[in-house]
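Note sheet for the following structure.
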Amino acid sequence: MSAAQHYVEHYRELASKLPGEHLPWLRRLREEAQSRFSASGFPSPREEEWKYTNVATLEKKLFVPTVGAPAGATDTNALARLRLEGAWLLVFVDGVYSAEHSVTANLPEGVIATSLANALEQYPDLIEGLLNQVVPEVAHGFIAFTTAYFRDGAFVHIPAGKVLDRPLQVIHFSTRPDGLSVTRNLVALEQNAEASLVETYAGIGDSSYLTASVTEISVGENAGFDHYKLQSETAKSYHFGGIYAREARSARLRQHHLAFGGLLARTEIHAQLGHAAECELDGLFLATGRRHLDTQTLIHHRAPCGTSRETYRGIAGDRARGVFAGRIVVHPEAQKTDAEMSNRNLLLSEDAEIDSKPQLEIHADDVKCAHGVTVGQLDPEAIFYLESRGVDEPTARNMLTFAFANEMVEKIRLSSLKRLVQSELLSFLPQSDIRKDWL
Amino acid sequence: MSATAKTLDKLIKKDYAPGFVTDLEADTLPPGLNEDVIRAISAKKNEPEFMLEWRLEAYRHWLNMEEPTWAFVHYGPVDYQAISYYSAPKSQEQPKSLDEVDPKLLETYNKLGIPLYEQERLAGVAIDAVFDSVSVATTFKEKLAAAGVIFCSMSEAIQNHPDLVRQYLGSVVPPGDNFFAALNSAVFSDGSFVYIPKGVRCPMELSTYFRINAAKTGQFERTLIIAEDSSYVSYLEGCTAPMRDENQLHAAVVELVALDNAEIKYSTVQNWYPGDEEGRGGIYNFVTKRGDCRGRKSKISWTQVETGSAITWKYPSCILRGDESVGEFYSVAVTNHCQQADTGTKMIHLGKNTRSTIISKGISAGRAQNSYRGLVKILKSAENARNYTQCDSLLIGDRCGAHTFPYIEVKQPTAQVEHEASTSKISEDQLFFCMQRGLSAEDAVSMIVNGFCKQVFKELPMEFAVEAQALLGISLEGSVG
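Chain order of the listed sequences is A and B.
Its first residue numbered 64, the first sequence is counted upward by one per residue in my numbering.
Its first residue numbered 766, the second sequence is counted upward by one per residue in my numbering.
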C-alpha cells in the first residue's frame, strides 16, 4: 500500500472529526486536496524542486494520524525552555491546540490569536477569505496533504493600524512516537498593522514523528511583519514546513528561518511582492549527524519597485547534507526591482554534502538582480591564528563555526529569541561536549 | 524614441547574410528514421561492421528515450519521421584535391568568407568543410601529416584509422547519454576527426565549417578530438544555414579527450539561421559537447559565441578526471527577436587539485529568452578543487528574459566554490558618459556590449574574435529601443 493510500484510508474514518466539517466550502477544499494528494502522493526526486531531497522513506514509514485522541503527555520543562519571555503564546501538542499551555491574556482589542479550529467556529467567513489563498497555484503533495488533513493550527489576525509591542509565539510540540501532526497556520495583518511572530517546532526525546505544517501569511498595505521559524525537531523526526506569504503595496516582511533538528527536514519560503513591497529573507541551517536539511525560497516580484534581500548560510558536518535552493522571478511588469541573494556554506567533514541552486528568472529589463554562492571550509589561517594563541584545534574550529553561524543569529531582533537560538546552536554544534567558556 | 533607442533599434534589425541557398543536386535519403535508414547511411559510408552495430544499438536505445523537457525553451513537437537523415551534394566520388571539388561548393564557401584554397587563406588555419551530411574538403592535410597530426573527416577516419575511432568514439559521450546524443550516434553522417600525437604542438589552428544547405534535412555531425600526452591543439568551428520558414534540426556530438599534460582549446562561433523576427524558421541546435581531462595536468577550454539558432540547447562540459586538470568555459550567448537559448556548462571535478573557471555572458533582446544553466559538481575524491563562476546577463528591451539556473553540489570540504551572477540593462548613465565624449549612440551601445563580452572574446583566436565582434553587432541590430 502506498503512503497516499494509507493516509486516505485512515482519514476516511476521521474526516468527520476534522475541524470545520460543517462548512461546505471547507469540505470541498479538503476533498479536492485529498484527490490531488492521492493522485500525486508525496513528491519524488524526479520533480525539479525535489531533486536534492528524497522523501521516499515516507512511503515506507507510515505515521498514524490521531484525530480526536487526547494529546500525549507534555514535558513542561521542555516547553518552558522554548518559551520566550513576555510573548503571547499558542501551544500545539501533536498538532492539537492546548489551551492549558497557551497564554493569550491581555491581547490588544481586535487582535485575534487562537487556534484555527476555534476560529473556524467563531469566524468562518474571515477564514474562508484567507485559507488556501497564498499557497502556490500548483501545490505539491505535501501542501495538498496539509489542506486535506489539517487538524488545527494557529490563527492570528491583526486589524488595521494595530501595532503589537510584544511578540507572538507559536510552539508546535510533538510527543507521540510515530505520531503525525498536520497543521495549517494563518496569519493576516491588515493595513498599517505591525507584529512579530515566532514559530517553534520541537519534540520530546528521540521519538520519530512527522510534522507537516503550512503557514500562510498575508501582509496588508503598508503593514510590517517579522516572522521567525526555529526548527529544532528531534533527531529522528521528519519535518515539512511551508511558509507562503503575500505582501500588498508597500508592505514589509522579514522572515528568519533557523533549522537545526530533524532527520529529514525541509522548509519552503515563498513571497509574492506587491508594489514597492520589501522582503528580507534570512536563514541558517546547521546539519549534523545524518541530517538532511533543505531550505527552498521563491520570491515573485509581481509589481514595480519591489526590493528583496536574501541571506542564507549553511553548515554541514558529519554525514549530513544541506540543500539550499533560491529562486527569484521578476515578472514583466515588475520594473525597478532590486533583488539580491547570497548563500554561503561551510563544509565541515569529508562525508558531508552541500547542494546549492540559486536561480534568477528575469522578464523585465530595468532591474538590478544579483546572486552569489560560496562553498568552502574553515580558513586554515584563522585556525592557525587561534592555535598560536593557545586554543586547541577542536575549540578553534568550534569557535569559527559558531562565529560563521552567529552572524545570522545576530540578525534576530528579539533578544529572548536570540538567546534561545544561541543555546540551540551550541547544543547542535559538532563536538558540542567541549568547553564553551569562551562564549 | 530617444537617440539611443533608435540606435539599438537599428542594431537589432540587420539581415542574416549567410541565408542564401546553394542550388546543388543532392543525394538525399527520403525522410524517416528506421533501422533501414541507418543501414543505408552506414552502407553509403562503407563503414566497417562494428560501426553499424554501434549505430543500431544507439538507435534501439533512442527508441526508449524521451525528449528532454526541462530546458527553459518552448517549441512544438519535432517530427523525427519528417526529417531526412542524410543529404550529400551529388558530385563525383571523394574528390582527390580541391580542384575536383564542385565549383558551386567552393563558391558557397567563398560567399561565406571561407576560401578553401590554401593560398588564399590566412596562413595557419586548416579547414574541414562540412556541407549537409558530408565533408567536402579538408585543407593543409599534407602539412599536418608531416607533423603527425591527423585531421580529416570522420568518415575518412573510420576508413583509415578504425582502431583509434573504435577506442575513443563514444568514450566521452556514450551512445545512450541523452536523447539527442543517442539520435546523433545512430545517424551521424560526418564531422571532423583530430588526432594529435605525443608531444606535438599542432602547427596551425584547425577549423571546421559546418553548412546546412538542403531543406527538410537534419545535420548530425560528430567531432572527435584526441590529444595525446603533452600535445596542444586549438580547434575552431563555425556554422551557418540558409533562411527557411521551417525549423531544421541540428543535433551534434563533440567529444574531446586530453591525456597527460595535453591541452585542447575548442572555440565555436555558432551562427545558424536564427529565424525571422516573428520566430518563423531557424535551426534547433541541440548539441552535446563534452571534454574528458583524462590525464594529469590536462586542460580543456571551451569558448563559444552563440548568436544564431532559433533554439539552443547546449552545455559544453568538462570531466576533470586527471589530478591537477583544468577546465574552462567562456561563453557569450546573444538572443534576439524570438530566439531561445538554454546554454551553460558542467564541470565535474573528480581529480585532486582540479580547477575550473566559468565565465558566461548572456545578452537578451527583443522577445528572446536567454538562460544560463550550469552544474559544478565536486566529488569526494576532488581534494582542493577550485571553481569560480561568473554569469552576467544584459537585457535590452522590456519584453525579453534572462535567467540563471546554476547547480552547485559539493562533497569535499577542502573544495572552494564561488558563484556570482548579476543581471542589468545598459544604463542611461553609461550611454550618456560615452555620448558626452563624442560617440554616437550606436557606437556607445556597441562599445558597452563589446566591453561586456570582452572577457570571453579575448579567449578567442584572433580571426574569430574579429568575426565574433562583427556578429554581435549583427545579431543585436535593431534591438536597442
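Note that the Cβ used here is the ideal one computed from N, Cα and C, for glycine as well.
All values reported here derive from a predicted model rather than from experimental measurement.
7 Å Cβ shell around residue i - same chain, five flanking residues per side excluded
i, result
"PRO395/A", "HIS426 and ALA427"
"ASP241/A", "PHE126, VAL127, SER271 and TYR272"
Below-7 Å beta-carbon distance, residue i vs any chain B residue
i, result
"VAL438/A", "yes"
"SER419/A", "yes"
"ILE206/A", "no"
"GLU416/A", "yes"
"ILE425/A", "yes"
"ALA433/A", "yes"
"ASP401/A", "no"
Neighbour list for residue i in chain A, Cβ cutoff strictly below 7 Å
i, result
"PHE1170/B", "GLN422"
"LYS809/B", "Those within 7 Å of LYS809/B in chain A number zero; the least Cβ separation is about 40 Å."
Own chain partners of residue i with C-beta closer than 8 Å, once the 5 adjacent residues on each side are dropped
i, result
"ALA223/A", "GLU253, GLN254, ASN255, ALA256 and GLY283"
"THR297/A", "SER237, ALA265, GLY266, ILE267, GLY268, ASP269, SER270, SER271, TYR272, GLY324 and GLY325"
"HIS235/A", "PHE155, GLY158, SER244, THR246, GLU262, THR263, TYR264, ALA265, THR274 and SER276"
"LEU463/A", "LEU441, ASP442, ALA445, ILE446 and LEU449"
"ASN943/B", "MET830, PRO833 and THR1053"
"VAL201/A", "none"
"SER918/B", "ASP893, VAL895, VAL899, SER900, THR903, ASP955, GLY956, SER957 and PHE958"
Interface residues of chain B facing residue i [CB-CB closer than 9 Å]
i, result
"SER412/A", "PRO1178"
"PRO395/A", "ASP1163, ARG1164 and GLY1166"
"GLU42/A", "The structure shown does not extend to residue 42/A, since chain A is modelled only from 64 through 502, so no value can be given for it."
Listed by chain order, chain B residues near residue i by CB distance under 7 Å
i, result
"VAL118/A", "Ordered by position in chain B, no residue passes the 7 Å Cβ test against VAL118/A, which lies about 19 Å from the chain."
"GLY304/A", "Chain B residues near GLY304/A: none, gap ~24 Å exceeds 7 Å."
"ASP188/A", "Chain B residues near ASP188/A: none, gap ~41 Å exceeds 7 Å."
"VAL71/A", "The premise fails here: VAL71/A is roughly 30 Å from chain B at the closest Cβ pair, so nothing lies under 7 Å."
"VAL430/A", "THR1188"
Reference residue i; option with closest CA among the options
i, options, result
"GLU1089/B", "THR1072/B, ARG1138/B, GLU1148/B and ILE1048/B", "GLU1148/B"
"ARG315/A", "CYS342/A, ALA334/A and LEU326/A", "CYS342/A"
"ALA379/A", "LEU441/A, ASP269/A, ASP241/A and PHE236/A", "LEU441/A"
"TYR1278/B", "ILE923/B, ASP867/B, GLU790/B and GLN1013/B", "Any answer about residue 1278/B is impossible in this case: the structure gives chain B only from 766 up to 1246."
"ALA1098/B", "ASP1107/B, VAL1091/B and TRP827/B", "ASP1107/B"
"LEU1115/B", "LEU1021/B, VAL843/B and VAL1141/B", "VAL1141/B"
"LEU477/A", "ASP228/A, GLU172/A, PHE100/A and GLN335/A", "ASP228/A"
"ALA119/A", "GLU112/A, THR129/A, GLU111/A and SER107/A", "SER107/A"
"LEU1028/B", "ASP1041/B, ASN1050/B, ASP994/B and THR1005/B", "It should be noted that the sequence gives Glu, not Leu, for residue 1028/B. When only C-alpha atoms are compared, the closest one is ASP994/B."
"LEU349/A", "LEU152/A, SER490/A and PRO82/A", "SER490/A"
"ASN469/A", "ALA286/A, ALA258/A and LEU347/A", "LEU347/A"
Cutoff 6 Å; reference residue i; Cβ partners in own chain excluding five residues on either side
i, result
"VAL436/A", "ASN406, SER419 and PRO421"
"VAL914/B", "ILE961 and CYS967"
"SER1096/B", "GLN1069 and SER1125"
"VAL1052/B", "ALA1017 and LYS1079"
"LYS299/A", "ASP269, SER271 and LEU326"
"TYR74/A", "TYR212"
"SER101/A", "ALA67 and VAL71"
"LEU121/A", "ALA66 and PHE105"
"LEU260/A", "LEU231 and HIS290"
Residue-chain proximity (residue i, chain A), Cβ-Cβ < 7 Å
i, result
"LEU1160/B", "yes"
"GLU1174/B", "yes"
Listed by chain order, chain A residues near residue i by CB distance under 8 Å
i, result
"LYS1126/B", "Neighbours of LYS1126/B on chain A: none; closest Cβ ~14 Å, over 8 Å."
"LYS1054/B", "Simply none; closest approach about 23 Å."
Partner residues on chain A for residue i, Cβ-Cβ distance less than 9 Å
i, result
"TRP835/B", "GLU111"
"PRO1064/B", "Before going further, note that residue 1064/B is Lys rather than Pro in the sequence given. By Cβ distance, chain A contributes nothing, its closest Cβ being about 23 Å from LYS1064/B, past 9 Å."
The ligand FAD heavy atom lying under 6 Å from the CB of residue i
i, result
"GLU1043/B", "In the structure on display, the ligand FAD does not appear, and there are no ligands present to speak of."
Positions along the region 1176 to 1206 of chain B whose CB lies within less than 8 Å of some CB in chain A: Listed in chain order, the positions of the region 1176 to 1206 of chain B with a beta carbon within less than 8 Å of a beta carbon of chain A are LYS1176, GLN1177, PRO1178, THR1179, ALA1180, GLN1181, VAL1182, GLU1183, HIS1184, GLU1185, ALA1186, SER1187, THR1188, SER1189 and LYS1190.
Residues from the region 1103 to 1116 of chain B in contact with chain A, defined by Cβ distance under 8 Å: Taken residue by residue, none of the region 1103 to 1116 of chain B has a beta-carbon sitting less than 8 Å from a beta-carbon on chain A.
Selection of the region 1068 to 1084 of chain B by Cβ proximity to chain A, strictly under 8 Å: So the list is empty, because no residue satisfies the distance condition.
Against chain B, which members of the region 137 to 160 of chain A pass a CB distance test of less than 8 Å? Residues of the region 137 to 160 of chain A with a C-beta atom less than 8 Å from some C-beta of chain B do not occur.
What residues from the region 327 to 361 of chain A come within 9 Å of chain B, judged by C-beta to C-beta, listed N to C? For the region 327 to 361 of chain A, which is checked against every Cβ of chain B, not one residue is closer than 9 Å.
Got a sec: which bits of the region 903 to 930 of chain B sit with their beta carbon under 8 Å from any beta carbon on chain A, in order along the chain? Cβ contacts with chain A: none found.
Along the region 1024 to 1038 of chain B, what residues have a CB closer than 8 Å to any CB found in chain A? Listed in chain order, the positions of the region 1024 to 1038 of chain B with a beta carbon within less than 8 Å of a beta carbon of chain A would be empty, since no residue qualifies.
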